[in-house]
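Mind the numbering: the sequence shown is residues 1 to 157 in the working numbering, read in order.
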Amino acid sequence: CDSDTRIDVLKDISRLVHAITCDAQSFLWLTGDPGSEKSAITASIARQCKDNGVLWAQFFINRSIGNTTNPASYFPSIARQMADYSPDVALALHDALKERPSLMDDISQLQAGKLFVEAIRVASSANPSKSVVVIIDGLDETDIIRLRCTAEIFSQA
C-alpha cells in the first residue's frame, strides 16, 4: 500500500487501541494481498503499543517453521508473555497448570485456547482502563482448520 494509506491504517488502528469502552472492538483482523505490507503495519503497531505500555504479547507465524502455525504452540506462548507482563495473569496460569500439570507436556488446541482466554480475561479485569493488545502476525499462513480453531478461540475471549 502507498504511504498515505499505511498512515491512515496506522491511525485507525491506534484509535481502536485507545478506545476503552464497553462497546470497543475486541479484535481487529488486518487482511490484504501478499506484499500489501501487513507485517510492516503490524510491526509499527507493536512498537507503538509497546511504547504506550499496552502490548501484552506478540507472536509471528511463519509457515516455514511448522510449530508456529499451530494454536497449541502459539496460544501458550502468548499466555506466557502475558504472565510475564502481569502478576495477576501469572497467578491465574499457575493455578491452571497446578490443576493440570500435564498441560506443560501435552496440550491440545482447545486447552491452549483456554489458557489464552483465561489470560485475556484476567488481564482485562486487572486493569479495565487500559487496552490489552496481543498481536499475531501471519495467521493467514496457517491452514484452514487451524485458522477456524483460532477464530473460535478468539470468539471466546
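C-beta atoms are modelled at their ideal positions from N, C-alpha and C, and glycine is treated no differently.
- Rounded to whole angstroms, the Cβ separation of L93 and L115 is 6 Å, and the two are in contact under 8 Å.
- Residue environment: W29 is assigned as exposed (fewer than 16 neighbouring CB atoms within 10 Å of its CB, all protein chains considered).
- In summary, L55 is buried, with 16 or more beta-carbon neighbours lying within 10 Å of its beta-carbon over all protein chains present.
- Rounded to the nearest whole angstrom, the C-alpha separation of T69 and T142 is 5 Å.
- The distance from the Cβ of L16 to that of I41 is about 13 Å, inconsistent with a contact at the 8 Å cut-off.
- Taking C-beta atoms as the reference points, F27 and I136 fail to come closer than 8 Å.
- Taking G66 as reference, the option from G138, E152, S155 with the minimal CA-CA separation is G138.
- Annotated as distal: I61 and I13, with beta-carbon spacing of 8 Å or more.
- Using a Cβ distance threshold of 8 Å, D88 and V122 count as a contacting pair.
- As computed with DSSP, A79 is found in no beta bridge at all.
- Under DSSP, L93 shares a beta bridge with no residue.
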